[in-house]
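Number of protein chains: 2
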Amino acid sequence: MAVGSGELGTLHTVGGVRMAAVSAGIKKAGRLDVVVFELAPGSVTAGVFTTNAFCAAPVTLCQQHLATTAPRYLLINTGNANAGTGAPGLQAAKSCCEALATAAKVAANTVLPFSTGVIGELLPAAKITAVVDAALTELVTNDWHKVARGIMTTDTRPKASSRQLQLAGKTVTITGIAKGAGMIKPNMATMLGYVFTDIGMTEVDAQSAVKQAADLSFNRITVDGDTSTNDSCILVASNQSGVHFDSLSAADQQRFTAELQTVFIELATAIIRDGEGATKFVTIRIEGGATTQECLQVGYAIGESPLVKTALFASDPNWGRILAAVGRAGLANLQIDNIEIWLDHVNIVRSGARAATYTEAAGQSVLSKEEFSIIVKLARGSCDETLWTCDFSHDYVTINAEYRT
Amino acid sequence: MAVGSGELGTLHTVGGVRMAAVSAGIKKAGRLDVVVFELAPGSVTAGVFTTNAFCAAPVTLCQQHLATTAPRYLLINTGNANAGTGAPGLQAAKSCCEALATAAKVAANTVLPFSTGVIGELLPAAKITAVVDAALTELVTNDWHKVARGIMTTDTRPKASSRQLQLAGKTVTITGIAKGAGMIKPNMATMLGYVFTDIGMTEVDAQSAVKQAADLSFNRITVDGDTSTNDSCILVASNQSGVHFDSLSAADQQRFTAELQTVFIELATAIIRDGEGATKFVTIRIEGGATTQECLQVGYAIGESPLVKTALFASDPNWGRILAAVGRAGLANLQIDNIEIWLDHVNIVRSGARAATYTEAAGQSVLSKEEFSIIVKLARGSCDETLWTCDFSHDYVTINAEYRT
Numbered sequence: 176m177a178v179g180s181g182e183l184g185t186l187h188t189v190g191g192v193r194m195a196a197v198s199a200g201i202k203k204a205g206r207l208d209v210v211v212f213e214l215a216p217g218s219v220t221a222g223v224f225t226t227n228a229f230c231a232a233p234v235t236l237c238q239q240h241l242a243t244t245a246p247r248y249l250l251i252n253t254g255n256a257n258a259g260t261g262a263p264g265l266q267a268a269k270s271c272c273e274a275l276a277t278a279a280k281v282a283a284n285t286v287l288p289f290s291t292g293v294i295g296e297l298l299p300a301a302k303i304t305a306v307v308d309a310a311l312t313e314l315v316t317n318d319w320h321k322v323a324r325g326i327m328t329t330d331t332r333p334k335a336s337s338r339q340l341q342l343a344g345k346t347v348t349i350t351g352i353a354k355g356a357g358m359i360k361p362n363m364a365t366m367l368g369y370v371f372t373d374i375g376m377t378e379v380d381a382q383s384a385v386k387q388a389a390d391l392s393f394n395r396i397t398v399d400g401d402t403s404t405n406d407s408c409i410l411v412a413s414n415q416s417g418v419h420f421d422s423l424s425a426a427d428q429q430r431f432t433a434e435l436q437t438v439f440i441e442l443a444t445a446i447i448r449d450g451e452g453a454t455k456f457v458t459i460r461i462e463g464g465a466t467t468q469e470c471l472q473v474g475y476a477i478g479e480s481p482l483v484k485t486a487l488f489a490s491d492p493n494w495g496r497i498l499a500a501v502g503r504a505g506l507a508n509l510q511i512d513n514i515e516i517w518l519d520h521v522n523i524v525r526s527g528a529r530a531a532t533y534t535e536a537a538g539q540s541v542l543s544k545e546e547f548s549i550i551v552k553l554a555r556g557s558c559d560e561t562l563w564t565c566d567f568s569h570d571y572v573t574i575n576a577e578y579r580t
Numbered sequence: 176m177a178v179g180s181g182e183l184g185t186l187h188t189v190g191g192v193r194m195a196a197v198s199a200g201i202k203k204a205g206r207l208d209v210v211v212f213e214l215a216p217g218s219v220t221a222g223v224f225t226t227n228a229f230c231a232a233p234v235t236l237c238q239q240h241l242a243t244t245a246p247r248y249l250l251i252n253t254g255n256a257n258a259g260t261g262a263p264g265l266q267a268a269k270s271c272c273e274a275l276a277t278a279a280k281v282a283a284n285t286v287l288p289f290s291t292g293v294i295g296e297l298l299p300a301a302k303i304t305a306v307v308d309a310a311l312t313e314l315v316t317n318d319w320h321k322v323a324r325g326i327m328t329t330d331t332r333p334k335a336s337s338r339q340l341q342l343a344g345k346t347v348t349i350t351g352i353a354k355g356a357g358m359i360k361p362n363m364a365t366m367l368g369y370v371f372t373d374i375g376m377t378e379v380d381a382q383s384a385v386k387q388a389a390d391l392s393f394n395r396i397t398v399d400g401d402t403s404t405n406d407s408c409i410l411v412a413s414n415q416s417g418v419h420f421d422s423l424s425a426a427d428q429q430r431f432t433a434e435l436q437t438v439f440i441e442l443a444t445a446i447i448r449d450g451e452g453a454t455k456f457v458t459i460r461i462e463g464g465a466t467t468q469e470c471l472q473v474g475y476a477i478g479e480s481p482l483v484k485t486a487l488f489a490s491d492p493n494w495g496r497i498l499a500a501v502g503r504a505g506l507a508n509l510q511i512d513n514i515e516i517w518l519d520h521v522n523i524v525r526s527g528a529r530a531a532t533y534t535e536a537a538g539q540s541v542l543s544k545e546e547f548s549i550i551v552k553l554a555r556g557s558c559d560e561t562l563w564t565c566d567f568s569h570d571y572v573t574i575n576a577e578y579r580t
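Here it is as structure tokens:
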């Protein structure tokens, strides 16, 4: 049901950020379903959001608020996506923001709303507005485990990542949480991801950083090829570390960006490890493409093929299905004689056919592992891309056939 | 495991066509796995083939032979796809054609080879060449049931369709067989489909007819979004009815084309009804698109969404997943307020949100049926398109996880 230990390690406090998770009764009674983050004045917030045309009411409102002023609160609920709900849905999201803003004595547009859960049912706003006072009372500087649990839906475990690095003689911290599980093929962002750092950043730099980091992490994962209506990924730079990104050397900026990227990738891959019904964590590496786009086309053709994914579930090195997926990916003038396919260190396809050195036992030994790589060498250019996926199991069907029952 | 009765009805003899199915031991001993069709001199044959870049050896050879001369025999084996097999695979396909040609005293390039089954294993040509004499001995004018069984792989039942119509005072017959089951998102053709008619046709007309008929049938179905390496669809016009297509009035040509289209659609939808693990047969109708392409984009986004398909399996009217699939289909400037979604006669989405008249009970009453339609009205133009799919069940995972065991 999930790959790897899921251990979260030390989750560092980020200056200027407080958090709380409470139960509003949207999901089962007593289960955490509302999370609030408080951001210190001076924090810079940037985000990327779903490209689904039916984007949810909170996504619309969140983008409006973000464009208007500097956010002071993030208000997240699970159990209801508030998507496909039209004008009443937008009103419900607004009333939640207003209730939190009134209780916190800030302007309503400094609250960013996020929702995840069932699509098409009106958000029970009254349940959320009823708990905003309690949430504000419970704000603490470090309970990442609790808030990571608070944003879970069909996730089986919380997802978080944390890094510290020394920059300009000071300690800079990056800590983030995410949730995923199903309807996972983010396009510009994941289901929900929140990354906080105490570095200072301009809005332009923060937006550029979140876009780039999300592109190479949340936008490189797929569970089932379905893009949610609610995907949102947020980066908060609270400027409490005494270090400002602008004043760093180019080398230090690069070090920070690399650590930020690592946190994003750890969160994104945690979503895949806990993909609905996942028993395998698979890295798909496409090398030697002419363009990034064609690498991704091939990668997703493999990563979204139900036939490949069920073979992975069975630990069956049915490599013909990988080959067929490469062949149907739509690349013009694909010279199949030049293509190699590898499972970790085992070469399975060479010159358009089974490699002479390949043995079923060697393929089996890779696929019987919980984690491995599928590597396709296209020999068409110098682009390499990595993406991550999981297998397709009976539990995926069970979870999604019974989601609303 | 399959939707509907699967009754084949009367399967009419087509003058000029004889057939046989034998067992070569490629699959389990005693199971039919080699089918031979004999075509009378003067028959015109046209075909459409997979667009998968890793197209199989028999597909390559078949296209070469078809371009060279008028075919006299179709030689089909199951149990091995002879795909991803490189030069030895091509040699194996050639030797099978040569063996049949020698036994039948025709040129080798008048034999069209077809293979379906596991990808990546070399075709056991000796097993096939050993049975060509027996197959020729057993040729009969009408055993469609047997040859339809002879081309099955994971199909649970044979697929055939037959029509007769009066043209120019004579009876014209069209009879076809097909196989499918999984790796089904044909692109220019289906896994294997063979349609025979005793009308006379020029090669140009036959090619145009098979292309158009396949486009609106086999190219409008999807089980799992995977395009096979071996898809082939063949139309044979044996010219034995005394009616030639060329000499018909435009109205009669249209009548013939319509009947031919019906046979193709019956075969294609039979593949979906018997899709791997299928428990629902679903017609997806996209109306009011600006182009055919955008109708198909939306249709396939729905028909290939694992989340939609698992909800269909559960008979769960989780229409939010259909809405999310429409939203992520990639249509530029999609005005969600104009979109309607219907389940048969039940309106579920209007103005971008749940229709006021919609009730869960009404949605449930449609989805609890074995066969129903999902209709999306885009209100962007005058294109309508229909495609067909099935649900995604536990049995799909079981069948594909255990395919080679």
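Protein sequences, first through last, are from chains Y and U.
For the first sequence, the numbering used here begins at 176 and goes up steadily by one.
For the second sequence, the numbering used here begins at 176 and goes up steadily by one.
The beta carbon of each residue, even a glycine, is placed where N, CA and C say it ideally should be.
In this text, all values refer to a predicted model and were calculated from it rather than measured experimentally.
| message | Beta carbons nearer than 9 Å to chain Y: which residues of the stretch 256-268 of chain U have them? | response | Taken in chain order, the members of the stretch 256-268 of chain U whose beta-carbon sits within less than 9 Å of a beta-carbon on chain Y are 256, 258, 259, 260, 261, 262, 263 and 264.
| task | Would you decide whether residue 354(U) is buried or exposed? Buried here means 16 or more other CB atoms lie within 10 Å of its CB. | result | On the second sequence, residue 354(U) is found 179 positions in, with the first residue counted as 1. Result: buried.
| Nearest-angstrom Cα separation, counted from residue 248(U) out to residue 411(U) | The count along the second sequence starts at 1 and reaches residue 411(U) at position 236. The count along the second sequence starts at 1 and reaches residue 248(U) at position 73. Approximately 11 Å between the Cα atoms of the pair.
| message | Within the continuous alpha helix (DSSP H) that includes residue 434(U), where are the two ends? | response | Position 259 of the second sequence, counted from the first residue, corresponds to residue 434(U). First-last of the alpha helix (DSSP H) with residue 434(U): 425-448.
| request: List the DSSP bridge partners of residue 327(U). | output: Counting from one through the second sequence, the residue named residue 327(U) turns up at place 152. For residue 327(U), which the question treats as bridged, DSSP gives no partner whatsoever.
| said: With a threshold of 8 Å between beta carbons, is residue 517(Y) in contact with chain U? | reply: As a first step, residue 517(Y) is located in the first sequence; it is residue number 342 there, counting from the start. With a threshold of 8 Å between beta carbons, residue 517(Y) makes no contact with chain U.
| Are three or more beta carbon pairs between the stretch 558-574 of chain Y and the stretch 279-288 of chain U nearer than 8 Å? | The stretch 558-574 of chain Y vs the stretch 279-288 of chain U: no contact.
| query | Which of the three DSSP states, helix, strand or coil, is assigned to residue 307(U)? | reply | Counting from one through the second sequence, the residue named residue 307(U) turns up at place 132. It is helical.
| field | Alpha-carbon to alpha-carbon, residue 539(U) and residue 445(Y) | value | If you number the first sequence from 1, residue 445(Y) lands on position 270. If you number the second sequence from 1, residue 539(U) lands on position 364. Whole-angstrom Cα-Cα distance: 35 Å.
| field | Residue from 443(U), 250(U), 574(U) and 531(U) with nearest C-alpha to residue 308(U) | value | Start at 1 with the first residue of the second sequence, and residue 308(U) comes out as number 133. Closest by C-alpha distance to residue 308(U), out of 443(U), 250(U), 574(U) and 531(U), is 250(U).
| request: Quick one: using the 10 Å Cβ neighbour count with 16 as the cut-off for buried, is residue 484(U) buried or exposed? | output: Working through the second sequence from its first residue, we reach residue 484(U) at position 309. Burial call: buried.
| field | DSSP-derived helix/strand/coil call for residue 201(U) | value | For the purposes of this step, residue 201(U) is taken as the residue at position 26 of the second sequence. Correct three-state label for residue 201(U): coil.
| field | Segment contact flag, the stretch 469-479 of chain Y with the stretch 450-461 of chain Y, C-beta cutoff 8 Å, min 3 pairs | value | In short, these stretches touch, since the Cβ pair count reaches three.
| query | Using the rule of at least 16 other Cβ atoms within 10 Å of the residue's Cβ for burial, across every protein chain shown, is residue 455(U) buried or exposed? | reply | Locating residue 455(U) in the second sequence gives position 280, counting from the first residue. Within 10 angstroms of the beta-carbon of residue 455(U) lie 16 or more other beta-carbons, which makes it buried.
| request: Examine chain Y for any beta-carbon lying closer than 8 Å to the beta-carbon of residue 563(U), and answer yes or no. | output: Locating residue 563(U) in the second sequence gives position 388, counting from the first residue. No, residue 563(U) does not count as interfacial toward chain Y.
| request: Consider the Cβ of residue 534(U): report whether some Cβ of chain Y lies at a distance smaller than 8 Å. | output: The sequence position of residue 534(U) within the second sequence is 359, counting from 1. With 8 Å as the cut-off, residue 534(U) does not count as an interface residue toward chain Y.
| Helix, strand or coil: which one does DSSP assign to residue 354(Y)? | For the purposes of this step, residue 354(Y) is taken as the residue at position 179 of the first sequence. DSSP places residue 354(Y) in the strand class (E or B) of the three-state scheme.
| request: State the Cα-Cα distance for the pair residue 449(U) and residue 328(U), rounded to the nearest angstrom. | output: For the purposes of this step, residue 449(U) is taken as the residue at position 274 of the second sequence. For the purposes of this step, residue 328(U) is taken as the residue at position 153 of the second sequence. Spanning the two alpha carbons is a distance of roughly 12 Å.
| At a CB-CB cut-off below 7 Å, which residues of chain U make contact with residue 520(Y)? | By one-based count along the first sequence, residue 520(Y) stands at place 345. Going along chain U, no residue has its Cβ under 7 Å from residue 520(Y), so there is no contact; the nearest lies around 19 Å.
| In terms of residues, what are the limits of the beta strand (DSSP E) holding residue 460(Y)? | The residue given as residue 460(Y) occupies position 285 in the first sequence. From DSSP, the beta strand (DSSP E) with residue 460(Y) extends over 456-464.
| Any residues in the stretch 429-452 of chain Y with a beta carbon nearer than 8 Å to a beta carbon of chain U? Which ones, in chain order? | For the stretch 429-452 of chain Y, there are no residues whose beta carbon sits under 8 Å from a beta carbon of chain U.
| task | Run the CB neighbour count on residue 240(Y), radius 10 Å, all protein chains shown included, and call it buried at 16 or more, exposed below. | result | Translated into the one-based positions of the first sequence, residue 240(Y) becomes position 65. Buried.
| field | N-terminal and C-terminal residue of the beta strand (DSSP E) that residue 522(U) is part of | value | Locating residue 522(U) in the second sequence gives position 347, counting from the first residue. Residue 522(U): member of the beta strand (DSSP E) spanning 521-525, first to last residue.
| message | Between residue 396(Y) and chain U, is any beta-carbon pair separated by less than 8 Å? | response | Taking the first sequence and counting its residues from 1, one reaches residue 396(Y) at position 221. For residue 396(Y), the answer is no, since every Cβ of chain U falls outside 8 Å of its Cβ.
| request: Could you tell me whether any Cβ in chain U is nearer than 8 Å to the Cβ of residue 568(Y)? | output: On the first sequence, position 393 is the one that residue 568(Y) refers to. At a cut-off of 8 Å between C-beta atoms, residue 568(Y) counts as an interface residue with respect to chain U.
| residue 415(Y) classed as buried or exposed, judged by whether at least 16 other C-beta atoms fall within 10 angstroms | Position 240 of the first sequence, counted from the start, is the residue given in the question as residue 415(Y). Buried: at least 16 other Cβ atoms inside 10 Å.
| request: Kindly indicate which residue of 272(Y), 509(Y), 571(Y) and 516(Y) has the alpha-carbon position closest to the one of residue 555(Y). | output: Within the first sequence, residue 555(Y) is the residue found at index 380, counting from 1. Ranked by Cα distance from residue 555(Y), the first of 272(Y), 509(Y), 571(Y) and 516(Y) is 509(Y).
| field | Cutoff 6 Å; reference residue 380(U); Cβ partners in own chain excluding five residues on either side | value | Here residue 380(U) corresponds to residue number 205 of the second sequence, with the count starting at 1. Closer than 6 Å at the Cβ level, and outside the excluded window around residue 380(U), lie 420.
| Thinking just about the alpha-carbon of each residue, which of 230(Y), 200(Y) and 216(Y) is nearest to the one in residue 495(U)? | The sequence position of residue 495(U) within the second sequence is 320, counting from 1. The residue with the shortest Cα to Cα distance from residue 495(U) is 230(Y).
| Beta-carbon proximity check, residue 590(U) vs residue 437(U), cutoff 8 Å | This structure gives no information on residue 590(U), because the portion of chain U shown stretches from 176 to 580.
| task | State buried or exposed for residue 285(Y), treating a residue as buried only when at least 16 other CB atoms are found within 10 Å of its CB. | result | Here the question's residue 285(Y) lines up with position 110 in the first sequence. Residue 285(Y) counts as buried, since at least 16 other C-beta atoms from the protein chains shown sit within 10 angstroms of its C-beta.
| message | Let me see if you follow: with CB-CB separation under 8 Å, is residue 365(Y) close to chain U or not? | response | For the purposes of this step, residue 365(Y) is taken as the residue at position 190 of the first sequence. At residue 365(Y), the pLDDT of 45 sits below 50, so the modelled position is not reliable; the number obtained from the coordinates is stated separately. Closer than 8 Å: no.
| message | Between residue 252(Y) and chain U, is any beta-carbon pair separated by less than 8 Å? | response | Against the first sequence, residue 252(Y) aligns to sequence position 77. Not one chain U Cβ lies under 8 Å of residue 252(Y).
| request: Keeping to the same chain, check which residues put their C-beta closer than 8 Å to that of residue 423(Y); ignore five residues upstream and five downstream. | output: Here residue 423(Y) refers to the residue found at position 248 of the first sequence. 342, 343 and 431, listed in sequence order.
| said: Determine, for residue 193(Y), whether the minimum Cβ-Cβ distance to residues of chain U falls below 8 Å. | reply: Translated into the one-based positions of the first sequence, residue 193(Y) becomes position 18. Answer no: the Cβ-Cβ gap between residue 193(Y) and chain U never drops below 8 Å.
| task | Report yes or no: is there a C-beta of chain Y within less than 8 Å of the C-beta of residue 201(U)? | result | Along the second sequence, read from residue 1 onward, the residue named residue 201(U) stands at position 26. Judged by the 8 Å Cβ criterion, residue 201(U) is not in contact with chain Y.
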